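Numbering (the numbering used here), first residue to last: 464 to 630.
Just so you know, even glycine gets a beta-carbon here, dropped at the ideal spot from N, CA and C.
This one's a predicted model, so the numbers in the text were calculated from it and none came from an experiment.
Step one of this worksheet: look at the structure below.
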């Protein structure tokens, strides 16, 4: 069903948490992810960051998910951030969940994940030479951090160094 709490035109959500998700097909990673690339790259590939930002703000387009191909990756940065979640944000999350139709189901399933104490970002140049910093916001970077931290028995400096080597 359409997600009424999200302005993006392609935003949908399950009717309930019991809604079965049917797997229609499998896209394997053979041939250097060829099948997946065919799907992803049939959409516009942005090389100009200003154009991407403009399309995201344009009410006729509202681009919210895109492929951006930088001309150059200048740097990979790791910054120390707050170690605990903001209490006000946690409270708002709790309030939002309690006003939801599926609040009890959600409450039973919901857990606050551990907060990463670092922010991982790329510094990039686009086709016009515009420099930008893009934070890596996917779950894989977080899992990589937790795995490296466990491997180094809680030594954050070694874990962060491992991540830098892998990226």
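Check, Outcome
"Give me, in chain order, the residues of the same chain whose beta-carbon lies closer than 7 Å to that of residue 478; leave out the 5 immediate sequence neighbours on both sides.", "464"
"Quick check on the burial criterion: 16 or more other C-beta atoms within 10 angstroms. Buried or exposed for residue 549?", "exposed"
"Is it right to say residue 589 is buried, meaning 16 or more other beta carbons lie within 10 angstroms of its own, or is it exposed?", "buried"
"Compare the C-alpha of residue 507 against each of 532, 484, 585, 493 and name the closest.", "532"
"What residues match up with residue 541 in a beta bridge as DSSP calls it?", "583"
"At the level of alpha carbons, what is the spacing between residue 413 and residue 527?", "For residue 413 there is no data in the structure shown, the boundaries of the chain being 464 and 630."
"Between 614, 597, 576, 574, which has its C-alpha nearest residue 583's C-alpha?", "597"
"Looking only at C-alpha atoms, which of 495, 482, 484, 524 sits nearest to residue 471?", "524"
"Since residue 585 and residue 536 should fall inside the 8 Å C-beta cutoff, what is the C-beta to C-beta distance between them, to a whole number of angstroms?", "6 Å"
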